[in-house]
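Worksheet: the structure to be examined is printed underneath.
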Amino acid sequence: MGQQVGAIVSKPSFAFRRYLPHPVRLGHFAVILDHMKLSTFIITNMEQVLAEWDRFARTLELEGLPSRMEVRDHAEQILRTIARDIDTEQSAEQQQRKSQGLSPSSIVASGASIYGTARQHDGFTLLQLTAEFRALRATVQRLWFAVGNALTPAHSADLIRFNEAIDQALAESVGTYVAQASRAKDTFLAILGHDLRNPLATIALSSSLLGQPGMTKEGIALLAPRIKRSASMMNSMINDLLEYARAELGGEMPMAFADSDMLDICHAAVIDASAVHAHCSFVVNAKEPVLGCFDQIRLQQVFTNLLNNAAQYRGDEMPVTMTLSSDADSATISIQNSGALIPKEAIDAIFDPMVQLAIVPEQRERATTSLGLGLYIAKKIAEAHDGSIGVESRDSTGTTFTVVIPKVRPSY
Amino acid sequence: MNKSILIVDDEPDFLDVIEVALMMGGYHVMRAKDGKHAWDILENQTPSIILSDHSMPRMNGCELFDLVRNSRQGKNVPFLFMTAMPERITSVGTYSVLRKPFQFDVLMAKVDSMCS
Numbered sequence: 010m011g012q013q014v015g016a017i018v019s020k021p022s023f024a025f026r027r028y029l030p031h032p033v034r035l036g037h038f039a040v041i042l043d044h045m046k047l048s049t050f051i052i053t054n055m056e057q058v059l060a061e062w063d064r065f066a067r068t069l070e071l072e073g074l075p076s077r078m079e080v081r082d083h084a085e086q087i088l089r090t091i092a093r094d095i096d097t098e099q100s101a102e103q104q105q106r107k108s109q110g111l112s113p114s115s116i117v118a119s120g121a122s123i124y125g126t127a128r129q130h131d132g133f134t135l136l137q138l139t140a141e142f143r144a145l146r147a148t149v150q151r152l153w154f155a156v157g158n159a160l161t162p163a164h165s166a167d168l169i170r171f172n173e174a175i176d177q178a179l180a181e182s183v184g185t186y187v188a189q190a191s192r193a194k195d196t197f198l199a200i201l202g203h204d205l206r207n208p209l210a211t212i213a214l215s216s217s218l219l220g221q222p223g224m225t226k227e228g229i230a231l232l233a234p235r236i237k238r239s240a241s242m243m244n245s246m247i248n249d250l251l252e253y254a255r256a257e258l259g260g261e262m263p264m265a266f267a268d269s270d271m272l273d274i275c276h277a278a279v280i281d282a283s284a285v286h287a288h289c290s291f292v293v294n295a296k297e298p299v300l301g302c303f304d305q306i307r308l309q310q311v312f313t314n315l316l317n318n319a320a321q322y323r324g325d326e327m328p329v330t331m332t333l334s335s336d337a338d339s340a341t342i343s344i345q346n347s348g349a350l351i352p353k354e355a356i357d358a359i360f361d362p363m364v365q366l367a368i369v370p371e372q373r374e375r376a377t378t379s380l381g382l383g384l385y386i387a388k389k390i391a392e393a394h395d396g397s398i399g400v401e402s403r404d405s406t407g408t409t410f411t412v413v414i415p416k417v418r419p420s421y
Numbered sequence: 005m006n007k008s009i010l011i012v013d014d015e016p017d018f019l020d021v022i023e024v025a026l027m028m029g030g031y032h033v034m035r036a037k038d039g040k041h042a043w044d045i046l047e048n049q050t051p052s053i054i055l056s057d058h059s060m061p062r063m064n065g066c067e068l069f070d071l072v073r074n075s076r077q078g079k080n081v082p083f084l085f086m087t088a089m090p091e092r093i094t095s096v097g098t099y100s101v102l103r104k105p106f107q108f109d110v111l112m113a114k115v116d117s118m119c120s
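Chains as they are written, first to last, in this note's numbering: chain A, 10 to 421; chain B, 5 to 120.
As structure tokens, this is what we get:
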């Protein structure tokens, strides 16, 4: 191998000098690299590889995803897994079988499977997932070649192992991702059917009762509002579904901004929620009007939805509190109940129904409007105001949804 | 004396309506808002038949069914699942299923036959 040193020496570019392992000096560069396996190169230069990959990944329209640090952590895990795989002994026969997809590495399989699950939970699209792997492969190879690695037999063997591992990791991740997404869609459809049939059951049974001999005026008075409420609930679910479908198909949510008072919007939402939850006490903490340019109907929809959720999941007899405050730039509306806490894994995905359904599809015993579409739409409406929505769930304070809406109309 | 029916559902409007339906059919009705509530009632009373939703908070219909079937007082009580998602029923044992939505006539035919 020593004789090949002269052959692989090439002047490293100035830009890449910062990627060299600390003890390496340019004078010894080729000699050390001659003995450095690709796995060692990856581990030794992890930070630099990730930094380069991060810059590259930012060009792939990976905007609006979880924090870059989180993404980097996952990429690092994958690289370390691949480096371990490269170092694992492999016979010629094993390599042959592996290249045909017959004997995948169990190390890579489990790591990538976790990665695919995490990405689906993070809300990545399949395109974004594959783009990440593309970026990872390109980055490592670019840096590996940039230090002057010609294809010696040892290096090309490493490169083959690396590509095999990346391909396998990608295939495993995509497989897991697709399985998760498919399961979430199945669950979505099942729950949609369930949630629509429940109020429909009330309507069907009530209407068939109305035609029974012996039906009294008192009976009619009991059935009529229940039919009305159930129809209203179904209508609301269908509207949510249409909004969701429109957003998922890339359509813009129609907005109608006008000068209005956030206090009026809050009161209107409380009236709506009180009609549905007649036995729930709604407490409004608001001192004065908060004027701004808002879409009154849309925000009322957001607050009604949050109030309904808070009432539905509150502890017995506990009130739901709505608080309105403001500063010079924005209005802040918080809705709080003291029901059972929302688990951490559900909090992380609470505004994305597909992700939410993929996390705990079987354990969830859901009540009426339970697809989570309302929260998804609430987030879209807040964002259409250039605002935000968040949630906290703590033992001491219960669960609080907070909506922040700028007072001025968005400039888009 | 009228036969008694325990109805279990977390949807209060549906519970009200089915109560009216069963009372019109001549039954005495006990109500529970979920499986846990139903199990509390069953500690002191034994209905002629149990009608239960499946998906409910705290304790679902299958969990209730399993408890009832393993109890001394409830092991022979006819059990009817009323659910929009029968495919979610995983319990093993003897029970009937009525898929939501259903009409009054269908409900009464089922309940009458189970009680007789």
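Yeah, the Cβ is synthetic: ideal placement off N, Cα and C, and Gly gets one too.
Residue interval of the alpha helix (DSSP H) (run including residue i)
i: residue 287/A; result: Element bounds for residue 287/A: n/a, residue is neither H nor E.
i: residue 150/A; result: 135-155
i: residue 163/A; result: 162-219
i: residue 11/B; result: From DSSP, residue 11/B is part of no alpha helix (DSSP H) but of the beta strand (DSSP E) over 8-12.
i: residue 25/B; result: 16-28
i: residue 256/A; result: 226-257
i: residue 48/A; result: 47-53
i: residue 359/A; result: Premise fails: residue 359/A is in no alpha helix (DSSP H) and is neither H nor E.
i: residue 350/A; result: First-last for residue 350/A: undefined, no H or E at that position.
i: residue 392/A; result: 382-393
i: residue 108/B; result: 108-119
Bridge partner(s) assigned by DSSP for residue i
i: residue 302/A; result: 268/A
i: residue 399/A; result: 411/A
i: residue 345/A; result: 330/A and 409/A
i: residue 293/A; result: 331/A
i: residue 100/B; result: 84/B
i: residue 340/A; result: 335/A and 414/A
Integer-rounded CB distance, given that residue j should sit under 8 Å from residue i
i: residue 124/A; j: residue 253/A; result: Not quite, the Cβ-Cβ distance comes to about 27 Å (not below 8 Å), so this is no contact.
i: residue 2/B; j: residue 25/B; result: Chain B is shown only over 5 to 120; residue 2/B falls outside these bounds and no answer can be derived.
i: residue 285/A; j: residue 317/A; result: 6 Å
i: residue 349/A; j: residue 301/A; result: Not really, about 34 Å apart at Cβ, beyond 8 Å.
i: residue 239/A; j: residue 17/B; result: 6 Å
i: residue 183/A; j: residue 139/A; result: 7 Å
Any non-hydrogen atom of the ligand GDP closer than 7 Å to residue i Cβ
i: residue 170/A; result: Of the ligands one can find in the structure shown there are none, so the ligand GDP has no counterpart to examine.
C-alpha gap between residue i and residue j, whole angstroms
i: residue 389/A; j: residue 283/A; result: 24 Å
i: residue 272/A; j: residue 295/A; result: 7 Å
i: residue 54/A; j: residue 151/A; result: 13 Å
i: residue 76/B; j: residue 7/B; result: 20 Å
i: residue 108/B; j: residue 220/A; result: 10 Å
i: residue 336/A; j: residue 420/A; result: 20 Å
i: residue 86/A; j: residue 98/A; result: 21 Å
i: residue 46/A; j: residue 358/A; result: 40 Å
i: residue 224/A; j: residue 96/B; result: 39 Å
i: residue 126/A; j: residue 60/B; result: 28 Å
i: residue 210/A; j: residue 395/A; result: 40 Å
i: residue 90/A; j: residue 170/A; result: 12 Å
i: residue 45/B; j: residue 193/A; result: 36 Å
i: residue 57/B; j: residue 36/B; result: 10 Å
i: residue 67/B; j: residue 9/B; result: 19 Å
i: residue 371/A; j: residue 119/B; result: Here the model assigns residue 371/A a pLDDT of 43, short of 50, so the residue's position is not dependable, and the following value carries that caveat. Their backbone Cα atoms lie some 33 Å apart in a straight line.
i: residue 52/A; j: residue 64/A; result: 19 Å
i: residue 16/A; j: residue 102/A; result: The pLDDT assigned to residue 16/A is 33, lower than 50, so where the model puts this residue is not dependable, and the model offers no usable value.
i: residue 51/B; j: residue 11/B; result: 10 Å
i: residue 333/A; j: residue 144/A; result: 46 Å
i: residue 179/A; j: residue 95/A; result: 16 Å
i: residue 356/A; j: residue 117/B; result: 46 Å
i: residue 387/A; j: residue 246/A; result: 14 Å
i: residue 311/A; j: residue 262/A; result: 14 Å
i: residue 72/A; j: residue 92/A; result: Legend: pLDDT at residue 72/A = 49, less than 50; position of this residue unreliable, value from coordinates given subsequently. Distance between the alpha carbons of residue 72/A and residue 92/A: 28 Å.
i: residue 14/B; j: residue 38/B; result: 5 Å
i: residue 81/A; j: residue 137/A; result: 14 Å
i: residue 74/B; j: residue 212/A; result: 35 Å
i: residue 374/A; j: residue 413/A; result: Unreliable positioning characterises residue 374/A in this predicted model, as indicated by a pLDDT of 46, which lies under 50. The coordinate reading is nonetheless provided below. So the two alpha carbons sit approximately 31 Å from each other.
i: residue 232/A; j: residue 23/B; result: 11 Å
i: residue 9/A; j: residue 305/A; result: Because chain A is modelled from 10 through 421, residue 9/A falls outside the range shown and cannot be assessed.
i: residue 80/B; j: residue 72/B; result: 9 Å
Could you pull out every unbroken alpha helix (DSSP H) segment of at least 4 residues lying fully inside the segment 33-94 of chain B, listed in chain order? 39-46 and 65-73
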